[in-house]
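Here's the structure we're looking at; comments come further down.
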Amino acid sequence: MPASPKMGGSFVMRNRQGINRREFMQRTTAMGLAVGASDLAFAEEPRSVNDKINVGMIGVGARAHELLQAIQAASGAEIVGVCDAYKGRLERAAERTSGRARIYPDYREILADKRIDTVFIATPDHWHKTMAIEALEAGKDVYIEKPLTYAIEEGPAIIAAVRKTNRILQVGSQGISTKIQHKAKEVIQSGKLGQVTMIRASYNRNSASGAWIYPIPPDASPQTVDWEKFLGSAPKRPYDPARFFRWRCYWDYSGGNSTDLFVHLMTTIHFLMNAKAPQTTVANGALYRWKDSRDVPDTINAILEYPEGFMVTLSSTFNNQGTSEGGFQILGTEGSLILGDSTLTFQPENIHEDNRWIVESWPRALEEAYYKDPKVRKTELPSSWEPRVNQGMERWEQEGKESTLQHVEHFFDCVRTRKQPVEDALTGHRAAAVAHLVNLSYKQKKMVHWDFAKETVKT
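Using this note's numbering, read the sequence shown as starting at 1 and increasing by one per residue.
This is the structure in structure tokens:
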């Protein structure tokens with residue numbers, strides 16, 4: 001599907017005696033001391049809410065411009081540097097920051113700039129691990145767009161880097177910061193739904209742009225696009241503007257529907273259900289319609305089984321937008337929740353039994369005796385057979401700030417207070433891991449299993 005307080009000053013931390021973090025690490029290493037992230041916690045003192053947070057943006061495409069607007073709307077933050085492989089985006093970002101943001105030809109220059117406190121990474125997925133770890137090691141706090149990873153094995157490395165550097169990292173599935181999702185969690189935990197055994201979640205679209213077939217700027221050329229910088233570790237290919245501007249359509253840079261859309265759904269499901277990962281995943285899919293513009297499927301379905309005692313069905317198609325509203329259902333024995341972007345609806349089950357068609361085949365005396373039972377009379381009298389439409393239904397609506405802004409503000413608050421964000425590296429890894437499991441099952445045409453001890457797929 002398909003968002004703040006601050007931290008100012010240099011990214012270089014100093015302890016109370018004026019030694020910066022790098023110097024401290026060098027000195028303790030030279031003395032043969034083993035230093036873990038917890039040993040450095042004293043250097044991570046909360047920042048004043050009045051401190052300005054200087055932001056560097058790595059990647060300033062369409063989603064990044066939404067982030068840019070959210071950063072500007074959040075109090076106490078300023079975008080001071082931008083980097084992208086397409087010159088046109090850099091020009092536009094400079095305009096939107098009134099020329100105050102410096103343009104960097106290489107993202108490593110943003111990481112080297114000591115003015116910059118935090119970086120926002122909104123690049124193709126295959127760059128995420130490298131950029132995130134390098135940013136953390138450079139002393140930056142990191143906001144990284146979902147999915148956290150391009151491949152399932154990258155997650156533990158990023159988690160280890162966060163712990164080693166003692167930095168803040170937040171993944172960008174913005175819905176998890178909204179009040180409506182927190183209300184949904186409250187309702188589930190209250191027991192109002194009874195026993196939750198199934199969740200159905202879908203993300204459907206029916207347009208070229210929804211299928212990531214974006215318009216390509218007329219000035220796109222090898223002179224305006226740094227093709228080699230875009231490719232990075234991806235397979236080498238001749239310049240191809242479609243791959244650059246529509247990168248989500250290709251396995252070389254993305255995981256398709258699963259990593260772009262299912263990750264949002266799974267972040268929410270894990271949050272609502274206090275779940276970590278499915279024990280089994282099975283998926284199938286196909287490329288039915290957009291065959292000339294991609295190699296990832298345009299339709300995919302998955303079934304996940306969780307050890308906590310519930311099942312999830314995921315679906316996504318780019319060929320029909322049905323269930324775009326009401327496509328997220330949490331089903332319990334006592335009621336259901338329908339979760340929207342800004343709405344939450346509870347529908348009670350209003351259960352009644354109707355055994356007339358069974359009992360009427362009994363001898364008449366037994367049938368009459370059956371209906372004399374008080375328990376039967378309570379649930380099977382004719383009055384209970386009438387449907388009770390909307391009886392007991394409840395609905396909540398969220399007003400106020402847009403979800404991306406809420407998520408960005410939450411990140412900035414964590415930067416200032418040094419508390420862990422709601423969507424930290426481990427949370428982001430587990431949501432992305434489900435997407436990778438779905439893709440593995442789809443490609444291998446078999447059920448895949450999760451290794452809970454190693455936080456990866458079982459081999």
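The C-beta atom is built at its ideal place from N, Cα and C for all residues, glycine as well.
Backbone secondary structure at residue i - three-state DSSP
i, result
"Leu148", "coil"
"Ser441", "helix"
"Val434", "helix"
"Ser190", "coil"
"Ala184", "helix"
"Asp260", "helix"
"Tyr371", "helix"
"Trp251", "coil"
"Gly392", "coil"
"Tyr244", "Reading off the sequence, residue 244 comes out as Phe, not Tyr. If DSSP states are grouped into helix, strand and coil, Phe244 belongs with the helices."
"His65", "helix"
"Ser177", "helix"
"Thr460", "Residue 460 falls outside the range modelled here, since the chain spans only 1 to 459, and no answer is possible."
"Phe120", "strand"
"Phe452", "coil"
"Ser293", "coil"
"Met198", "strand"
"Gln321", "coil"
"Tyr107", "helix"
"Ser403", "helix"
Cutoff 6 Å; reference residue i; Cβ partners in own chain excluding five residues on either side
i, result
"Ser441", "Thr281, Val282, Ala283, Val448"
"Cys414", "Ile168, Pro421"
"Ile176", "Thr267, Phe271, Val422, Glu423"
Given residue i as reference, the closest of the options once Cα atoms are compared
i, options, result
"Lys179", "Glu397, Leu193, Ala433", "Glu397"
"Leu136", "Lys445, Ala157, Ser336", "Ala157"
"Lys52", "Lys276, Lys291, Thr118", "Thr118"
"Asn320", "Ala211, Gln444, Arg108", "Ala211"
"Ser254", "Ala432, Leu67, His352, Glu455", "Ala432"
"Ala77", "Arg416, Thr149, Lys183, Ala435", "Arg416"
"Ser221", "Ala435, Pro124, Tyr86, Asp341", "Tyr86"
"Met484", "Ile188, Asn206, Ser207", "Residue 484 lies beyond the range of the chain shown here (1 to 459); nothing can be said about it."
"Asp292", "Glu368, Gly327, Ile213, His182", "Ile213"
"Ile351", "Gly392, Ala138, Leu426", "Gly392"
"Lys185", "Ser361, Ser342, Asn274, Gly340", "Asn274"
"Ala277", "Val376, Gly340, Ala435", "Ala435"
"Phe318", "Ala122, Ala208, Asp260", "Ala208"
"His65", "Cys83, Asp84, Ser75, Ala93", "Ala93"
"Lys446", "Phe230, Glu228, Gly285", "Gly285"
"Lys229", "Gly175, Pro124, Glu134", "Pro124"
"Asp113", "Arg377, Ile58, Leu90", "Ile58"
"Gln69", "Glu402, Asp219, Ala453", "Glu402"
"Ser75", "Lys454, Trp357, Ala425, Glu409", "Glu409"
"Asp260", "Gly172, Pro215, Arg377", "Gly172"
Alpha carbon of residue i to alpha carbon of residue j, nearest angstrom
i, j, result
"Glu349", "Thr268", "23 Å"
"Gly36", "Lys164", "Its pLDDT being 35, under 50, Gly36 is placed unreliably in this model, and the value from its coordinates should be taken loosely. Between Gly36 and Lys164, the C-alpha separation is close to 6 Å."
"Ala41", "Asn166", "Its pLDDT being 36, under 50, Ala41 is placed unreliably by the model, and the measurement read from it follows with that caveat. Cα-Cα distance, rounded: 7 Å."
"Glu461", "Lys372", "Any question about residue 461 goes unanswered here, given that the chain covers just 1 to 459."
"Tyr505", "Ala365", "Look at the range of the chain in this structure, 1 to 459, and you will see that residue 505 is not part of it."
"Gly99", "Val225", "21 Å"
"Arg289", "Leu304", "26 Å"
"Pro5", "Leu405", "With a pLDDT of 31 at Pro5, under the threshold of 50, the predicted position of this residue should be treated as unreliable, and no value is reported."
"Tyr203", "Glu153", "26 Å"
"Arg205", "Ile300", "12 Å"
"Gly428", "Ile338", "24 Å"
"Glu368", "Ser336", "35 Å"
"Ala160", "Ala122", "21 Å"
"Gly155", "Ala73", "31 Å"
"Pro298", "Leu437", "Position check: residue 298 holds Asp in this sequence, whereas Pro was assumed. Going from the Cα of Asp298 to the Cα of Leu437 covers about 17 Å."
"Arg246", "Thr456", "29 Å"
"Lys183", "Val312", "20 Å"
"Cys83", "Gly61", "10 Å"
"Gln174", "His407", "5 Å"
Own chain residues within Cβ distance below 7 Å of residue i, not counting five before or after
i, result
"Lys458", "His449, Trp450, Asp451"
"Pro217", "Gly88"
"Glu95", "none"
"Ala234", "His126, Asp252, Tyr253"
"Phe411", "Ser4, Tyr143, Gln170, Pro421"
"Ser315", "Ser202, Asn301"
"Ser342", "Ile180, Glu397, Gln398"
Cβ-based neighbour list, residue i, same chain, cut-off 8 Å, excluding 5 preceding and 5 following
i, result
"Val296", "Arg248, Cys249, Tyr250, Trp251, Ser254, Gly255, Gly256, Asn257, Leu287"
"Ile116", "Phe11, Asn54, Val55, Gly56, Val80, Gly81, Ile110, Lys140"
"Glu394", "Thr345, Phe346"
"Ala132", "Ile121, Val142, Ile144, Leu148, Ile158, Ala161, Leu169"
Distance cut-off 7 Å: residue i Cβ against heavy atoms of the ligand PLP
i, result
"Ile330", "You won't find the ligand PLP in this model; it holds no ligand whatsoever."
Short CB-CB distance (under 8 Å) between residue i and chain B
i, result
"Pro374", "Chain labels in this structure do not include chain B; a single protein chain is all it has."
Taking three-plus beta-carbon pairs below 8 Å as touching, is the segment 145-159 in contact with the segment 120-129?
Inter-segment contact for the segment 145-159 and the segment 120-129 is present: three or more beta-carbon pairs are separated by less than 8 Å.
Using 8 Å as the cut-off, can you tell me whether the segment 238-248 makes contact with the segment 419-438, which would need three or more C-beta pairs spanning the two stretches below that distance?
Verdict: no, contact absent.
Can at least three beta-carbon pairs, one atom from the segment 189-196 and one from the segment 328-342, be found at a separation below 8 Å?
Yes, they touch.
Segment contact flag, the segment 92-110 with the segment 263-277, C-beta cutoff 8 Å, min 3 pairs:
These segments do not touch.
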